[in-house]
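First the structure, in the form of structure tokens, and then the observations on it.
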Amino acid sequence: MAPSRSAEAEKLAKQILKIYFALVQYHFPLGLISRDVCTQWMELLRVILDRPVPDVANQVDEDERPELPWWKCKKWAFHIVTRIFERYGSPGSVSKEYGEFADFFLKAYTEGILQVVLRLLDQHRQKVYVSPRVLQHALNYLRHGVSHAFSWKFLKPHIVGIVLEVVFPLLCHNDQDDELWKTDPHEYIRLKYDVFEDFLSPVTAAQSWCHMDQMEAMLVAHVYPEFGSSEGFLRARACWVLHYFCEMPFRTEANLLRAVELLTHCLLHDSELPVRVEAAIALQACLTCQEKAQATVKPKIKEITMELLR
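So that you can map any letter, position 50 of the sequence shown is 50 in this note's numbering, and since no number is skipped, the others follow by simple counting.
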């Protein structure tokens, strides 16, 4: 893959990357890909991720840019490095056959890839276009990086800025979201639930940093009150937060039961469709994870069932 910038060359490079991804997606052939060969591939992938997109790409409408071959190449390069990292290159979470390779991968390649990731995130922070899928993969790579001491030392000086200036704005409800919420709630639900599964990575990483012994008090003090908010999005986000923390042990049973009551009320009585959808998903997760919560909804099981079928 020569460093040509023509669209035709990038399309060919994308196909090569897709083939290589298929090779390593479920099994990393250590006998076929030696360390020298792996190093050559990782350097090539790093170069693809790091090289700037040509000016001609920035003249295309922003909604169409993700389909350009330059961004497609970056997406598939990220697919590969993230897959190798999560499945074969994370010491302590790989099968025995990849143990030695994982140690080598982490120490040999992590710093170089993380430097590229940080540059891409800084581009996004400075309002320089980065395609949504590339941004997603960059955050996903960080999610794996924060769990290893070796990579954490490179990330630690930047992590507060990443959370405040990249992750938090991505999770915020913006003007476009608000307009879609009000004009077409069904489309809002379709769009957000397609995207949220892809963008859970920063949330998952954030969860791993939380002090679980403090989470219950945080929910009671800062999340429960938002169920009474006049803003539908905040009520929906309160349901969303309970969904992702429903597995934690509640020390005070009354706090758990209050969560179930709040979710049930949103499901049955909220006037906003996206809120009811969030409440339904969160309530299902809560009932699955918390056996004590099940008795609370039994008197309303008929109403809940009818609402879900409506």
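Glycine included, C-beta positions come from ideal geometry on N, C-alpha and C. Keep in mind the model is a prediction, meaning the values are calculated, not measured.
Residue i classed as buried or exposed, judged by whether at least 16 other C-beta atoms fall within 10 angstroms
i	result
Leu309	exposed
His27	exposed
Pro274	buried
Thr82	buried
Glu278	buried
Phe168	exposed
Thr305	exposed
Phe150	exposed
Ser208	Summary for Ser208: the model assigns pLDDT 47, below 50, so the residue's position carries little reliability, and this model does not support an answer.
Three-state secondary structure (DSSP) of residue i
i	result
Thr296	helix
Lys30	One point to set straight first is that residue 30 is Leu, not Lys, in the sequence displayed. Leu30: coil per DSSP, three-state reduction.
Lys11	helix
Cys289	helix
Phe250	coil
Phe21	helix
Ile304	helix
Arg235	helix
Asp177	helix
Phe245	coil
Distance CB(residue i)-CB(residue j) smaller than 8 Å
i	j	result
Phe105	Gly89	yes
Val146	Leu155	yes
Leu263	Leu234	no
Ala57	Leu17	no
Gly232	Glu261	no
Tyr141	Met42	no
Arg5	Pro54	yes
Val24	Ile80	yes
Val223	Ala238	yes
Residue of the options minimising C-alpha distance to residue i
i	options	result
Asn255	Ile189, Ala217, His148	Ala217
Lys75	Trp41, Ala138, His124	Ala138
Thr252	Ala293, Arg276, Glu8	Ala293
Met215	His186, Glu247, Ser131	Glu247
Val94	Ser131, His144, Ala13, Gln126	His144
Pro157	Leu114, Gly228, Tyr244	Leu114
Lys72	Leu257, Ala7, Leu219, Asp184	Ala7
Cys286	Leu268, Glu307, Glu111, Phe250	Phe250
### Query
Which runs of the alpha helix (DSSP H) spanning at least 4 residues fall entirely within the stretch 82 to 143, listed in chain order?
The qualifying runs are 99 to 125.
#### Entry: Uninterrupted beta strand (DSSP E) stretches inside the stretch 139 to 173 (no shorter than 3 residues)
Runs of the beta strand (DSSP E) inside the stretch 139 to 173: none found.
### Query
Enumerated in chain order, which unbroken segments of the alpha helix (DSSP H) with a length of 4 residues or greater are wholly contained in the stretch 253 to 283?
As far as the stretch 253 to 283 is concerned, its whole alpha helix (DSSP H) runs of at least 4 residues are 253 to 269.
### Message
Restricting to runs no shorter than 3 residues, where is the beta strand (DSSP E) found entirely within the stretch 27 to 74?
### Response
Those beta strand (DSSP E) runs which fall completely within the stretch 27 to 74 and span 3+ residues do not exist here.
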